[in-house]
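Structure, as structure tokens:
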Amino acid sequence: MSVKLKAGSMELEAAFIEWLRAQGYNPADGIDPFFSESDFVRSQMPMIHESEKERLAEEARLHLKRRCADPTFAGQFPVVYHCLDKHNQDVRYTVVLTLSDEGAEWAAKLWSGTVYLGEIHGSDNGSHAHYLDVARANIESQIKRTSAVKQQVR
24 MSVKLKAGSM ELEAAFIEWL RAQGYNPADG IDPFFSESDF VRSQMPMIHE SEKERLAEEA
84 RLHLKRRCAD PTFAGQFPVV YHCLDKHNQD VRYTVVLTLS DEGAEWAAKL WSGTVYLGEI
144 HGSDNGSHAH YLDVARANIE SQIKRTSAVK QQVR
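Here the sequence shown is numbered in the numbering used here, starting from 24 and rising by one per residue.
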């Protein structure tokens, strides 16, 4: 078996992209959690000689940081927003906004730590110039009324 935790390896980038999408992180903020929480990194570490682990991991981190600075790479991911729930737990969320002549509909995916909490859906049919702001205000209002722990149980 070859080590895939190397700067520039396709396997590293593919695992990083898949992990970012599954965990709701934007690329630049997701590098450290990827290295500490991902199954890919955990599965690669035992295959690396002890004397090489720190160097290879640092080279891989730097490679991902360079990739994240590339607007073409970073542009593949939605903006990740943050807010606190009623128990002051950090909740990350992304928003998909669909506009039509009648108004807007949105769906937000929510995460707290490594736990996917589910989705919040909403809509507005008024004539607003800033539907994203309306959607975010609605989403954050719902998040603040509920605790992340309660949402995980659903």
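Beta carbons: idealized from backbone N, C-alpha and C, even for Gly.
Query	Result
Going by beta-carbon coordinates alone, are residue 154 and residue 147 separated by less than 9 Å?	yes
State yes or no: is the C-beta of residue 87 within less than 9 Å of the C-beta of residue 57?	yes
Could you tell me the alpha carbon to alpha carbon distance between residue 111 and residue 166, rounded to whole angstroms?	10 Å
Answer with buried or exposed for residue 90, where buried requires no fewer than 16 other C-beta atoms within 10 angstroms of its C-beta.	buried
Our contact map puts residue 67 next to residue 28 with C-beta atoms below 8 Å; I'd like the distance itself, whole angstroms only.	4 Å
For residue 102, I'd like the list of residues in its chain whose CB is within less than 8 Å of its CB, leaving aside the five on either flank, ordered along the chain.	49, 117 and 118
Which residue comes first and which comes last in the alpha helix (DSSP H) that contains residue 74?	73-92
Measure the C-alpha to C-alpha separation of residue 108 and residue 131 and round it to an integer number of angstroms.	15 Å
Please list the terminal residues of the continuous alpha helix (DSSP H) segment that includes residue 150.	Neither: residue 150 is in no alpha helix (DSSP H) and is coded neither H nor E.
Which residue wins for smallest C-alpha separation from residue 65, given the options 152, 164, 38 and 78?	38
Tell me which residues share the same chain as residue 120 and place their Cβ nearer than 7 Å to its Cβ, disregarding the 5 neighbours each side in the sequence.	127, 129, 154, 155 and 158
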